[in-house]
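Quick notes on the structure that follows.
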Amino acid sequence: MKILVGKNYDRVSEMTANIIATKVKEKPDAVLGLATGGTPKGVYKRLIAMYNDKKIDFSKVKTFNLDEYYGLSSNHPQSYAYYMKTNFFDYINIKEENAHIPDGLAQDIDEECHRYEQAIKDCGGIDLQLLGIGHNGHIGFNEPDDALHTSTHLVNLHEKTISANSRFFGKDEEVPRQAITMGIGSIFGADEIVLIASGEDKAEIIAKMINGQLSSKLPASMLQIHKSLTIIIDEPIQKHLYAEGVLKEQLKVV
Ligand code: GLP
Numbered sequence: 005m006k007i008l009v010g011k012n013y014d015r016v017s018e019m020t021a022n023i024i025a026t027k028v029k030e031k032p033d034a035v036l037g038l039a040t041g042g043t044p045k046g047v048y049k050r051l052i053a054m055y056n057d058k059k060i061d062f063s064k065v066k067t068f069n070l071d072e073y074y075g076l077s078s079n080h081p082q083s084y085a086y087y088m089k090t091n092f093f094d095y096i097n098i099k100e101e102n103a104h105i106p107d108g109l110a111q112d113i114d115e116e117c118h119r120y121e122q123a124i125k126d127c128g129g130i131d132l133q134l135l136g137i138g139h140n141g142h143i144g145f146n147e148p149d150d151a152l153h154t155s156t157h158l159v160n161l162h163e164k165t166i167s168a169n170s171r172f173f174g175k176d177e178e179v180p181r182q183a184i185t186m187g188i189g190s191i192f193g194a195d196e197i198v199l200i201a202s203g204e205d206k207a208e209i210i211a212k213m214i215n216g217q218l219s220s221k222l223p224a225s226m227l228q229i230h231k232s233l234t235i236i237i238d239e240p241i242q243k244h245l246y247a248e249g250v251l252k253e254q255l256k257v258v
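Position in the sequence shown (first residue = 1) + 4 = the working numbering.
Here's what the structure looks like:
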């Protein structure tokens with residue numbers, strides 16, 4: 005596990021975009037695992053800027069998103085398919101057929117989950133997986149539980165997650181209660197994982213995530229034993245980790 009510290013959100017985004025761009029340069033047909041939420045927006049902005057400057061080419065890149073709300077169509081403004089289109093895909097030269105997201109309207113959930121897993125395998129697996137983290141330690145929509153799922157599955161969202169997401173929806177009853185998400189095994193299958201977090205409010209969960217214990221009650225903690233995990237945090241998070249003794253020394257801020 006490697007921890008990198010950026011001065012602020014912009015630096016965290018820039019460092020992450022650089023890692024992704026380097027991967028795509030090394031391997032033009034790279035398979036990227038992508039995340040949604042507020043945190044990765046800055047990464048996508050920077051990748052779009054690099055694309056406009058002709059520094060990166062997505063024509064052969066394949067992507068797999070972590071998750072999608074169950075019951076939302078891809079053109080629902082709060083669906084993750086819509087998020088990806090409007091925050092990233094519409095502005096780069098990725099081929100539509102190469103950008104994969106679970107189908108939130110799938111009739112046969114088991115078949116959809118199986119199809120998604122198979123599609124990842126058929127592409128040779130994920131080269132680089134980008135992750136955010138929920139305040140309760142969820143990754144994708146793998147919520148804290150007594151046990152964790154290995155592969156793509158339908159999940160009941162936790163009350164905390166539903167209320168965190170409710171700010172994006174008009175009425176409470178419109179907030180989806182379920183989602184289709186890659187499992188811990190699907191995420192773990194990635195050759196390389198980059199988890200990003202920014203802001204004081206994520207400091208406590210990052211401290212718990214890296215404190216050395218693994219728990220299904222904190223799904224992100226499982227990542228500690230991944231063969232290639234990089235966590236990119238900002239300075240306020242590093243200060244908290246140092247104050248709590250989770251980091252024995254302060255890392256260089258870049
Ligand atoms: C959602 C997504 C996660 C994301 C999380 C945190 O729950 N399913 O993949 O990491 O939100 O979002 P934010 O970056 O807005 O805190």
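Each residue gets a CB set at the ideal place from its N, CA and C atoms; glycine is no exception. As the structure is a prediction and not an experimental result, all values here were calculated from the model.
Assigned exposure category for residue i - 16 Cβ within 10 Å defines buried
i	result
proline 32	exposed
threonine 20	buried
valine 9	buried
aspartate 57	exposed
asparagine 69	buried
lysine 27	buried
Residue i to residue j span [Cα, whole Å]
i	j	result
glutamate 115	asparagine 22	36 Å
phenylalanine 62	isoleucine 96	7 Å
alanine 211	leucine 255	15 Å
aspartate 107	tyrosine 74	8 Å
tyrosine 246	glutamate 177	41 Å
alanine 183	serine 220	18 Å
glutamate 248	isoleucine 229	22 Å
threonine 185	valine 258	33 Å
threonine 43	glycine 203	10 Å
isoleucine 191	leucine 222	15 Å
aspartate 126	glutamate 30	21 Å
Beta-carbon gap between residue i and residue j smaller than 9 Å
i	j	result
serine 232	isoleucine 214	no
glycine 46	aspartate 14	yes
tyrosine 134	isoleucine 200	The question names tyrosine, but residue 134 is leucine in the sequence shown. Against a cut-off of 9 Å, the Cβ pair of isoleucine 200 and leucine 134 comes out as a contact.
threonine 67	leucine 38	yes
threonine 234	isoleucine 24	no
isoleucine 71	tyrosine 84	Residue identity check: residue 71 is aspartate in the sequence provided, not isoleucine. Yes, the pair counts as a contact, with Cβ atoms nearer than the cut-off.
Point to revise | At least 3 beta-carbon pairs within less than 8 Å: the segment 139 to 147 vs the segment 156 to 173 | key: Yes: the two stretches touch, three or more of their Cβ pairs being nearer than 8 Å.
Practice item. For the segment 131 to 144 and the segment 98 to 105, state whether three or more C-beta atom pairs, one from each stretch, are separated by less than 8 Å. Key: no
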